[in-house]
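The next block holds one structure in the form of structure tokens; read it before the comments.
Numbering (UniProt numbering), first residue to last: 1 to 620.
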């Protein structure tokens, strides 16, 4: 009975894939447990069914067969249904959230889904994938998210496999403020195609305000995959579904942040320092908001009212006139303070403003992409308006701007040390434009405008790709110049309270020892107590010859290699564009010099460390 019913279901499936009922020859009635009359009635009943409905019907019959007890009959060998592999290459959590939303949509359509963070994915198995969906964010100068670096390098290496048996789609996340917008998504899309994979759907390149595009794309890809795969897929078992949804959603999110309270705002650089770095402590109260060392704190902020008033005056507008933001009517001043980005310009905003102003100098920039990018990166919105008067309508101007987005800061505390508090280390952005002082949006809000006990809206952005070893006996090497030292303060607090016996080695750098040694007293205490086994310091401006953390790494290369051979985990935090690249080059040089590997082998070795979670970076 099982074999015959399976053949019958297979015939239904074949009709679903055909162009019409009569294009598919039915199996011989000798094999089917129906009479010619019954078969004729069936054909008549389904004559106006769509291919999607026929696919669903075949799955329905298949389910009926599987619910009936089968005894004494040899089962027909049936190929396993194709699984949709979702790869989330996330930098700030957005790609992961989109992948989770797509997973839920596909599960609702009864498809088999395997959601993987790119950092957990065994990239050498990629040629075995039949349906691959990549959701990829871009960081730095067009580079893939940290967790996707090993996969990216493999795909672009000589060892990359043929992907001719794979169909795929790519959704790219980026920021038009940067020149290489969505470059990682573009690179994954191009390389998969070069390796022979077939696109299911054209790549999408999404800006900061991505949700509407993401919703449309999710609906499209779900419909395509449902039509392609539903006929061959059995419903995931409850255990599978439970496993997929086992992680509870956090109580507070980016969209629903916690209203916490500011406890401390302390400047931790000296009076003579060129840098203004703040140690910020926030009281989470009894909210139950949890975090781990390695996570980031998302901070919602408001624009400087003084900056807003300056801008309104330059626009020749009245701050009380009403505009509409996301369907809500509010005053222009309120919209500029709380709902749009004012401290980050980009080429798209310049281009739109140039069209409104009809200004020859700005229009000339639009035709020169490098010059346009340079202008957008160095000219704040308010100074663009000051230099080129357009006097747009209030709503026109609001429509030019991007929605306000929270800023993420590496957490510099461990709950085991500070209880219901969370600490961050903030480098305040300060600069002048033609003698006018300008300040970063979030950093200025935290440093200059928030007072102790003021409310602040926050959420936790988990970073499972930047975690201490589970074994407290494992040695760790931490490389974090400037505010990049923040998570390592959290690491050391956690290791201290954990009673970890593993060795700890910190590399820290900044311009001057006297003015810029962040958390000096704490780190010196850890050295004295033996928690911090070694600390190497690089002061770039205390002598004629500039010294950076990568120079200190090279000086200690042999010992670093010994630690790596002993199982050490290596962590890097800070600037992605220069420091992180220089540090990685130093590590590759050390591996090659002291192991005898050539450059290609050293690069593969570092990729293996990434896969083993022994080389982790939190760079921005």
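Note that the Cβ used here is the ideal one computed from N, Cα and C, for glycine as well.
How far does the alpha helix (DSSP H) with residue i in it reach, from first residue to last?
i           : result
residue 616 : Note, residue 616: premise wrong, no alpha helix (DSSP H); beta strand (DSSP E) at 615 to 619.
residue 353 : 347 to 357
residue 149 : 149 to 155
residue 193 : 183 to 194
residue 552 : 549 to 555
residue 581 : 579 to 595
residue 329 : Where residue 329 is concerned, there is no enclosing alpha helix (DSSP H), although the beta strand (DSSP E) it sits in stretches over 328 to 331.
residue 386 : 381 to 387
residue 315 : 305 to 315
Can you find a CB in chain B that lies within less than 9 Å of the CB of residue i?
i           : result
residue 456 : The question asks about chain B, but that chain is absent: this structure has only one protein chain.
By the three-class DSSP mapping on this structure, what secondary structure does residue i have?
i           : result
residue 27  : Caution is warranted here: a pLDDT of 42 is assigned to residue 27, below 50, making its placement in the model unreliable, and the coordinate value is therefore given only provisionally. Three-state result, residue 27: coil.
residue 265 : strand
residue 63  : Its pLDDT being 44, under 50, residue 63 is placed unreliably in this model, and the coordinates cannot settle the point.
residue 297 : strand
residue 336 : helix
residue 376 : helix
residue 607 : helix
residue 85  : strand
residue 241 : Note that residue 241 scores 33 on pLDDT, short of 50, meaning its location in the model is unreliable; the coordinates nonetheless yield the value given after this. Looking at residue 241 - three-state DSSP - the assignment turns out to be helix.
residue 202 : coil
residue 532 : coil
residue 392 : coil
residue 257 : coil
residue 217 : helix
residue 541 : coil
residue 79  : Note that residue 79 scores 48 on pLDDT, short of 50, meaning its location in the model is unreliable; the coordinates nonetheless yield the value given after this. Reduced to three states, the DSSP call for residue 79 is coil.
residue 283 : strand
residue 275 : coil
residue 146 : helix
residue 94  : helix
residue 561 : helix
residue 3   : Here the model assigns residue 3 a pLDDT of 41, short of 50, so the residue's position is not dependable and the matter cannot be decided.
residue 365 : helix
residue 197 : coil
residue 159 : coil
residue 176 : coil
residue 124 : helix
residue 290 : coil
residue 360 : helix
residue 248 : Low per-residue confidence applies at residue 248: pLDDT is 49, beneath 50, and the placement is therefore not dependable, though the value from the model is reported in the following sentence. Three-state result, residue 248: coil.
residue 71  : Confidence at residue 71 is low in this model, with a pLDDT of 41, below 50, so the placement of that residue should be treated as unreliable; the coordinate-derived value is given next. Correct three-state label for residue 71: coil.
Residue i: which of the options sits nearest, CA to CA?
i           : options               : result
residue 376 : 437, 347 and 259      : 347
residue 469 : 109, 591, 501 and 587 : 501
residue 611 : 121, 278 and 205      : 121
residue 541 : 565, 325 and 510      : 510
residue 210 : 426, 94 and 488       : 94
residue 621 : 599, 336, 495 and 257 : Not covered by the structure: residue 621. The range shown for the chain is 1 to 620.
residue 624 : 107, 324 and 490      : Here the chain comprises residues numbered 1 to 620, so residue 624 is not present and cannot be evaluated.
residue 213 : 183, 295 and 174      : 174
residue 83  : 96, 560 and 111       : 111
residue 167 : 200, 179 and 398      : 200
residue 298 : 423, 195 and 548      : 423
residue 137 : 98, 102, 108 and 126  : 98
residue 131 : 198, 493 and 107      : 198
residue 96  : 602, 561, 463 and 355 : 463
residue 152 : 619, 282 and 604      : 604
residue 87  : 140, 148 and 315      : 148
residue 367 : 276, 352 and 378      : 352
residue 350 : 369, 332 and 333      : 369
residue 117 : 106, 133, 329 and 105 : 133
residue 507 : 217, 251, 486 and 103 : 486
residue 562 : 581, 590 and 576      : 590
Give the range of the beta strand (DSSP E) segment to which residue i is assigned.
i           : result
residue 324 : 322 to 325
residue 139 : 131 to 139
residue 569 : 569 to 574
residue 168 : 167 to 173
residue 116 : 113 to 117
Cβ contact (3+ pairs, closer than 8 Å) linking the region 399 to 407 and the region 337 to 349: yes
Validate contact between the region 464 to 482 and the region 561 to 577 using beta carbons, cut 8 Å, 3 pairs: yes
Start-end ranges of the beta strand (DSSP E) lying completely within the region 398 to 465, minimum 3 residues: The qualifying runs are 407 to 410, 421 to 427, 430 to 433, 436 to 439 and 455 to 461.
Within the region 458 to 517, ranges of the beta strand (DSSP E) (whole runs, at least 3 residues): The region 458 to 517 contains, as complete beta strand (DSSP E) runs of 3+ residues, the segments 476 to 479 and 504 to 510 (chain order).
Validate contact between the region 148 to 160 and the region 190 to 198 using beta carbons, cut 8 Å, 3 pairs: yes
Sufficient close CB pairs (3 or more, under 8 Å) joining the region 448 to 468 to the region 537 to 556: Too few Cβ pairs lie closer than 8 Å, so no.
Segment contact flag, the region 513 to 521 with the region 258 to 269, C-beta cutoff 8 Å, min 3 pairs: yes
Touch test, the region 170 to 186 against the region 201 to 208, Cβ-Cβ under 8 Å, three pairs minimum: yes
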